[in-house]
Amino acid sequence: MKKLLQELFSLSCLIAGLYSGYLLVQHISSIISPDELFFLSITIFCMTIWFGRRNKYGLFSFLKDIHQSNLDDIERQELEDPIEQTIVKEQIKSSLEIVALFWLILFLLICGILFVFMPELGLVNWLKLLSVIPTILILRFLKVKLISTIKDMGKNNLDDIEEQQLDEQEA
Numbered sequence: 155m156k157k158l159l160q161e162l163f164s165l166s167c168l169i170a171g172l173y174s175g176y177l178l179v180q181h182i183s184s185i186i187s188p189d190e191l192f193f194l195s196i197t198i199f200c201m202t203i204w205f206g207r208r209n210k211y212g213l214f215s216f217l218k219d220i221h222q223s224n225l226d227d228i229e230r231q232e233l234e235d236p237i238e239q240t241i242v243k244e245q246i247k248s249s250l251e252i253v254a255l256f257w258l259i260l261f262l263l264i265c266g267i268l269f270v271f272m273p274e275l276g277l278v279n280w281l282k283l284l285s286v287i288p289t290i291l292i293l294r295f296l297k298v299k300l301i302s303t304i305k306d307m308g309k310n311n312l313d314d315i316e317e318q319q320l321d322e323q324e325a
């Protein structure tokens with residue numbers, strides 16, 4: 155009975171919190187413009203993640219666990235083949251330097267052109283414009299990685315098939 159009451163209380167608190175949040179968002183959105191509401195929403199979301207970082211089941215802990223798992227996988231791969239890892243690290247470092255330089259030049263070029271031709275562009279519109287650049291960078295990086303991963307998988311599968319055929323011929 156006590157457990158049931160605790161569950162009902164937590165459920166009612168959740169419903170009350172969601173409804174209060176809805177009312178708060180409605181009130182804030184009636185005061186400020188939609189552009190400012192977007193950046194306020196991002197700020198509130200980031201603050202929620204930051205203040206919930208000590209919660210065992212929070213988003214911060216979840217992302218931290220994923221990051222630690224990735225670090226463990228990288229360490230295990232380095233122990234398996236340390237020679238190849240140094241070559242890959244050098245290639246990644248040079249690629250990142252080239253990409254960073256390209257995007258810095260592009261960013262400065264866009265800002266300069268907009269400053270000259272659109273001096274009336276407001277702060278919110280500047281922030282919208284500048285938020286597109288990291289999105290393009292991330293999507294392009296993921297596309298290149300996905301294509302190279304698919305090619306490597308196909309190459310490894312062909313190598314495995316050739317090895318199996320050679321083993322069958324020898325047997």
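Going by our numbering, the first residue of the sequence shown is number 155, and it counts up by one from there.
The C-beta atom is built at its ideal place from N, Cα and C for all residues, glycine as well.
Here the structure is a predicted model, which is why all the values come from computation and not from measurement.
Worksheet item: What's the gap between the Cα of residue 202 and the Cα of residue 187?
Response: Residue mapping note: residue 202 aligns to position 48 of the sequence shown, counting from 1. Residue mapping note: residue 187 aligns to position 33 of the sequence shown, counting from 1. Distance between the alpha carbons of residue 202 and residue 187 is about 22 Å.
Discussion item. I need the straight-line Cα distance from residue 285 to residue 155, nearest angstrom please.
Written reply: If you number the sequence shown from 1, residue 285 lands on position 131. If you number the sequence shown from 1, residue 155 lands on position 1. About 52 Å.
Worksheet entry | residue 186 (DSSP reduced to helix, strand or coil) | Here residue 186 is taken as the residue at index 32 of the sequence shown, counted from 1. Residue 186 sits in coil when the DSSP states are folded into three classes, being neither helix nor strand.
Item to complete: Verify the contact flag: residue 188, CB atom, against every heavy atom of the ligand COA, threshold strictly below 6 Å.
Response: Summarising the ligand content, the structure contains no ligands, and the ligand COA is consequently not present.
Worksheet item: Taking the alpha-carbon positions, what's the residue 189 to residue 289 distance?
Response: Translated into the one-based positions of the sequence shown, residue 189 becomes position 35. Translated into the one-based positions of the sequence shown, residue 289 becomes position 135. Each residue's alpha carbon lies about 18 Å from the other.
Worksheet item: Could you give the distance in angstroms between the alpha-carbon of residue 179 and the alpha-carbon of residue 281?
Response: If you number the sequence shown from 1, residue 179 lands on position 25. If you number the sequence shown from 1, residue 281 lands on position 127. When rounded, the distance between both Cα atoms is 22 Å.
Worksheet entry | CB-CB length for residue 214 against residue 207, believed under 8 Å | If you number the sequence shown from 1, residue 214 lands on position 60. If you number the sequence shown from 1, residue 207 lands on position 53. 4 Å between Cβ atoms; contact.
Worksheet entry | Host alpha helix (DSSP H) of residue 224 (start-end) | Numbered from its first residue, the sequence shown carries residue 224 at position 70. Taken as a continuous stretch (DSSP letters only), the alpha helix (DSSP H) holding residue 224 covers 213-234.
Worksheet entry | Alpha-carbon to alpha-carbon, residue 310 and residue 158 | Numbered from its first residue, the sequence shown carries residue 158 at position 4. Numbered from its first residue, the sequence shown carries residue 310 at position 156. Residue 158 and residue 310 have their C-alpha atoms spaced approximately 55 Å apart.
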